[in-house]
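Since the structure comes first, as structure tokens, the remarks are kept for the end.
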Amino acid sequence: MDFSSMLILLCTTTFFTIEYTTAKISTMDYKPNGDNTLLYQPGYELIMHLDQDTFDDTVFEKDRKHSFVIEFYADWCGHCRSFAPAYREFASDVRSWRNVTQVATMNCADIYNKDICKANKITTFPTMKYIARDSKSAKDSIDVDADSSSSAEELRQMVAKQILDDYEKGKYEEWSMFPYVKDKADLQKELKKADHVVYFFEEAGDNATAGAEVRLNDKSLKS
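Everything in the sequence shown is counted per full-length UniProt numbering, starting at 1 for the first residue and increasing by one.
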């Protein structure tokens, strides 16, 4: 190969630059970016903080085994401040549910988070959403019918209902959940699989969540 052919080869060589990005996942100790005051204390309360940097990577993490419950609030909002004690109590009450759902929060009053709050169509405060386990984007989020007057007990019932619906759709093996017994044939089928049986009878309806709540609360019960 002479000098001229070497020069042509070098001049036609193309270089490619590949950028690698690292996912930023929030934790219970994570202090979110932004300038506004927080209504909950990172690392002290059982509530995960999300921001513009961590929301998508955390909530829509690939192969995650749990769903999310998220309160979108504005720190200046009086209704949000009134709601905070109930949400704080709710997060403490459902700490044993963490393998099934994570409790989180995000301050939409902070300009740093405006794009995420817009993507989630947050227009009123507080707004509470359930992010199902197999959700891929903000458009998959489900509104939870909570407001500033909702109690921790009511929040548990609302979220338990969403978890039941999520389980019925996904049938996730890792989730410990009661199977529905709809008739005698279903009952006999479940009895054959069980070493011990605990019955829960409650009035049928959309808010029948007592059995699911007990199942989620009791770590000693195995699926």
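Note that CB positions come from ideal geometry on N, CA and C, so glycine has one too.
Item	Value
Option in 67, 105, 93 and 151 with minimal Cα separation from residue 164	67
Stretch pair the region 57 to 65 + the region 75 to 84: three plus CB contacts closer than 8 angstroms	no
Euclidean distance between Cα positions of residue 123 and residue 159	21 angstroms
Segments assigned beta strand (DSSP E), at least 3 residues, entirely inside the UniProt domain "Thioredoxin" (17 to 164)	67 to 73, 101 to 107, 127 to 131 and 142 to 144
Classification of residue 9 by the beta-carbon crowding that lies within 10 angstroms, buried from 16 upward	Any reading at residue 9 must be qualified, since the residue scores a pLDDT of 45, below 50, and its modelled position is unreliable; the value itself is stated next. Answer is exposed; the Cβ neighbour count stays below 16.
Which of helix, strand or coil DSSP assigns to residue 168	helix
Through-space distance from residue 171 to residue 46, alpha-carbon basis	27 angstroms
Cutoff 7 angstroms; reference residue 137; Cβ partners in own chain excluding five residues on either side	60
Collapsed DSSP secondary structure at residue 186 in the structure displayed	helix
Pairwise C-alpha distance: residue 156 and residue 101	12 angstroms
Per-residue burial, residue 27 [other beta carbons within 10 Å of its own, 16 or more giving buried]	exposed
Proximity of residue 50 and residue 104 at Cβ, strictly below 7 angstroms	yes
Whether residue 129 touches residue 70 by CB criterion (7 angstroms)	yes
Whether residue 75 touches residue 36 by CB criterion (7 angstroms)	yes
Beta-carbon proximity of residue 24 to residue 174, cut-off 7 angstroms	no
Residue 189 to residue 183 span [Cα, whole Å]	10 angstroms
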